[in-house]
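Protein sequences appear in the order of chains A and Y.
First residue of the first sequence? That's 1 in full-length UniProt numbering, and the numbers climb one at a time after it.
First residue of the second sequence? That's 1 in full-length UniProt numbering, and the numbers climb one at a time after it.
Quick reminder that beta carbons are idealized off the backbone N, C-alpha and C, glycines included.
One structure is given here, and the rest of the page talks about it.
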Amino acid sequence: MFRSIFVLVASFASCSAFTANGFHGNFARNKSPSTALSMAHTLVLVRHGESTWNQENRFTGWVDCPLNEKGIQEATSGGKILREEGFTFDKAYTSTLKRAIKTLWLILEELDLMYIPIVNLWKLNERHYGALQGLNKQETVDKHGKDQVLVWRRSYDIPPPPVDESSEYFPGNDPMYKNVPKSELPKAESLKLTEERFMSDWENVILPEIKSGKKILIAAHGNTLRALVKHLDDISSDDITELNIPTGVPLVYELDEVTLKPIPHPDAIAPLKGRYLGDQEDIRRRIGAVLAQTK
Amino acid sequence: MFALSRASVRSVSRSALRSFGAVQTADKHTLILVRHGESTWNLENKFTGWYDCPLSDKGHEEVKEAGRLIKAEGLTADVAFTSLLQRAIRTLWHVLEQTGLMWIPVHKAWELNERHYGALQGLDKQETVNKYGKDQVLVWRRSYDIPPPTVDKSSPHHPSNDPRYAGFDFPEEFTESLATTLDRVVPFWNKTIVPEIKSGKTVMIAAHGNSLRALVKHLDGIDEATIAELNIPTGTPLIYELDDNLKPIPQAGAIAPLQGRYLGDQDAIRARIEGVKNQTK
Numbered sequence: 001m002f003r004s005i006f007v008l009v010a011s012f013a014s015c016s017a018f019t020a021n022g023f024h025g026n027f028a029r030n031k032s033p034s035t036a037l038s039m040a041h042t043l044v045l046v047r048h049g050e051s052t053w054n055q056e057n058r059f060t061g062w063v064d065c066p067l068n069e070k071g072i073q074e075a076t077s078g079g080k081i082l083r084e085e086g087f088t089f090d091k092a093y094t095s096t097l098k099r100a101i102k103t104l105w106l107i108l109e110e111l112d113l114m115y116i117p118i119v120n121l122w123k124l125n126e127r128h129y130g131a132l133q134g135l136n137k138q139e140t141v142d143k144h145g146k147d148q149v150l151v152w153r154r155s156y157d158i159p160p161p162p163v164d165e166s167s168e169y170f171p172g173n174d175p176m177y178k179n180v181p182k183s184e185l186p187k188a189e190s191l192k193l194t195e196e197r198f199m200s201d202w203e204n205v206i207l208p209e210i211k212s213g214k215k216i217l218i219a220a221h222g223n224t225l226r227a228l229v230k231h232l233d234d235i236s237s238d239d240i241t242e243l244n245i246p247t248g249v250p251l252v253y254e255l256d257e258v259t260l261k262p263i264p265h266p267d268a269i270a271p272l273k274g275r276y277l278g279d280q281e282d283i284r285r286r287i288g289a290v291l292a293q294t295k
Numbered sequence: 001m002f003a004l005s006r007a008s009v010r011s012v013s014r015s016a017l018r019s020f021g022a023v024q025t026a027d028k029h030t031l032i033l034v035r036h037g038e039s040t041w042n043l044e045n046k047f048t049g050w051y052d053c054p055l056s057d058k059g060h061e062e063v064k065e066a067g068r069l070i071k072a073e074g075l076t077a078d079v080a081f082t083s084l085l086q087r088a089i090r091t092l093w094h095v096l097e098q099t100g101l102m103w104i105p106v107h108k109a110w111e112l113n114e115r116h117y118g119a120l121q122g123l124d125k126q127e128t129v130n131k132y133g134k135d136q137v138l139v140w141r142r143s144y145d146i147p148p149p150t151v152d153k154s155s156p157h158h159p160s161n162d163p164r165y166a167g168f169d170f171p172e173e174f175t176e177s178l179a180t181t182l183d184r185v186v187p188f189w190n191k192t193i194v195p196e197i198k199s200g201k202t203v204m205i206a207a208h209g210n211s212l213r214a215l216v217k218h219l220d221g222i223d224e225a226t227i228a229e230l231n232i233p234t235g236t237p238l239i240y241e242l243d244d245n246l247k248p249i250p251q252a253g254a255i256a257p258l259q260g261r262y263l264g265d266q267d268a269i270r271a272r273i274e275g276v277k278n279q280t281k
């Protein structure tokens, strides 16, 4: 199969040279329809930037706090890189939380694509942090002990303590979710539960659009993007809990048209098959830096 | 021993009311309209139409204030509509941000675009007056049904040359008057927006001078001569209450010929409406 691709691609004048690692450059890039025969679907993911509660070091989850100035800059930078690299999109998905929505808006403004349809999916929301939502992280460690908090933060399938149905943090009490059956709304989630509720929208809502040839941009949260890349890149439950996706950095996947599996990019940083756009040194440092933040 | 479901109890009491000739409390549907704020081409005094220029700094501030006014009024919305032009989309985004409604579904449609200005798009207004004469330009700007000259597909202003209109068919020679704008706004209103309102949703629309003129002409039954002169101030929330038949319930404080009311400093608003009328160009 590769040999025939070589022949096809070599005949396009606009294609860049092949390297020993395989082909990249214009061929795999998300450019205007007139360029090379695309054998892949482009999907771009962006994790929203710093929020006011990140700054205050509080467990956020579904609390709808805004981006702070730094988060706004991160989103704008993400948009700029996408623009410089010639990306375009047909449709975008995001959560119902403003820190992700604002991130998306800023990126679309940079790309001059404000007119594309945007769909807000509550299933793209961050993992619900249960009764920890609103609490300061350090105070919580003081109260419950470092190990317990580490379990709640980093275990794959152990959720934090749930909120009560009467709590302001139970989404059933938020008009934003009035059209969602209360039984579907979380009181606390682990990464596993987050993954389970997101994957139904991935399969039923987003994937069909990708298959129909639309170029999709997803602006979302740390844990929902973890859930997605775990699925795309076949990452184990153990490995995914440690994986950090740097904020505001576009993560580009090329999905094989037939299998819908990611075509591994030579610049990908394991265990991901997609590649980050931007200063690779800086990105590697940021991924490593969060790993070192053992709390 | 018999259990009446809540629905059956409701329907019994409703029909009882009707049979007694009692006046049913009409369901009021709130509709929030906002014309986008000043754009960079407004500042440069150019005919804009479908050209996709952004808001000016003043325009951003105007519409943030519109959002604050809507919030202060205690209004909310369930769904929003806007055009494919960024000055309206950005206006909507500011309003949604100020009112804490960034999460509601937004439908963007070319049918809510500003009127297309044909071959005048991109031209400086004064230069156009110098070239064609004040009267001719006034006709193109303010007549109800005489459109400016057309553009064809060789023009960058023809929608076939803009990817956002891919999938839509526009005539080879394209231009619009207020009349033809209405011909695409009102069917869109009927087909796409009205069902949302009837299903009980509060609708917010961020759009343009002429697409909103088309809509209020339809809602308020305004005649052609009057609508061509009507100015809807930018960035000023315009609130309608519609009855079950989608007819406006005249609002206290409404400024004729509209039945909806503006939010904000009423004197300043009246001055702005009058002020543009006096701008004879």
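Contact set between residue i and chain Y, taken where Cβ atoms lie within less than 7 Å
| i | result |
| --- | --- |
| T96/A | W103 |
| W152/A | Per Cβ cutoff of 7 Å: no residues; W152/A is ~27 Å from chain Y at best. |
| W105/A | W93 |
| I101/A | M102 and W103 |
Opposing strand residues paired with residue i [DSSP bridges]
| i | result |
| --- | --- |
| H41/A | L255/A |
| H29/Y | L242/Y |
| A219/A | V46/A and T94/A |
| D124/Y | K46/Y |
| L67/A | S51/A |
| Y276/A | L251/A |
| V34/Y | A206/Y |
| S39/Y | L55/Y |
| R261/Y | I239/Y |
| P248/Y | L242/Y |
| P262/A | L255/A |
Alpha helix (DSSP H) segment containing residue i, residue limits
| i | result |
| --- | --- |
| V229/A | G222 to D233 |
| P208/A | L207 to K211 |
| A72/Y | D57 to A72 |
| E195/A | L191 to D201 |
| S237/A | S237 to E242 |
Partner residues on chain Y for residue i, Cβ-Cβ distance less than 9 Å
| i | result |
| --- | --- |
| W202/A | Residues of chain Y passing the Cβ test: none, with the nearest at roughly 19 Å. |
Under 8 Å by beta carbon: chain Y residues contacting residue i
| i | result |
| --- | --- |
| M176/A | W103 |
| I218/A | The contacting residues do not exist; I218/A stays about 16 Å from chain Y at best. |
Run of the beta strand (DSSP E) containing residue i, from where it starts to where it stops
| i | result |
| --- | --- |
| H94/Y | Unbroken run through H94/Y is the alpha helix (DSSP H), Q86 to Q98; no beta strand (DSSP E). |
| F81/Y | V79 to T82 |
| H107/Y | V106 to K108 |
Under 8 Å from the C-beta of residue i: neighbouring residues of chain A
| i | result |
| --- | --- |
| L84/Y | Y115 |
| I89/Y | M114 and Y115 |
Beta-carbon neighbours of residue i, restricted to chain A and to distances below 7 Å
| i | result |
| --- | --- |
| K108/Y | Y115 and P117 |
Residues that residue i contacts on chain A, provided the C-beta gap is smaller than 9 Å
| i | result |
| --- | --- |
| R115/Y | In chain order: nothing, as chain A lies at least about 18 Å away. |
| R164/Y | L113, Y115 and I116 |
Problem set entry | Whole runs of the beta strand (DSSP E) within the stretch 139-224 of chain Y, excluding any shorter than 3 residues | Listed in chain order, they are 203-207.
Exercise. Along the stretch 65-87 of chain A, what residues have a CB closer than 8 Å to any CB found in chain Y?
Worked result: none
For this session: Could you name each continuous alpha helix (DSSP H) segment of 4 residues or more that falls completely within the stretch 94-146 of chain A, going from the start of the chain to the end?
Result: Qualifying alpha helix (DSSP H) stretches, in chain order: 98-111 and 137-144.
For this session: Note down, in chain order, all residues in the stretch 110-126 of chain A with a beta-carbon under 9 Å from any beta-carbon belonging to chain Y.
Result: Within the stretch 110-126 of chain A, the residues whose Cβ lies closer than 9 Å to some Cβ of chain Y are D112, L113, M114, Y115, I116, P117, I118, V119, N120 and W122, listed in chain order.
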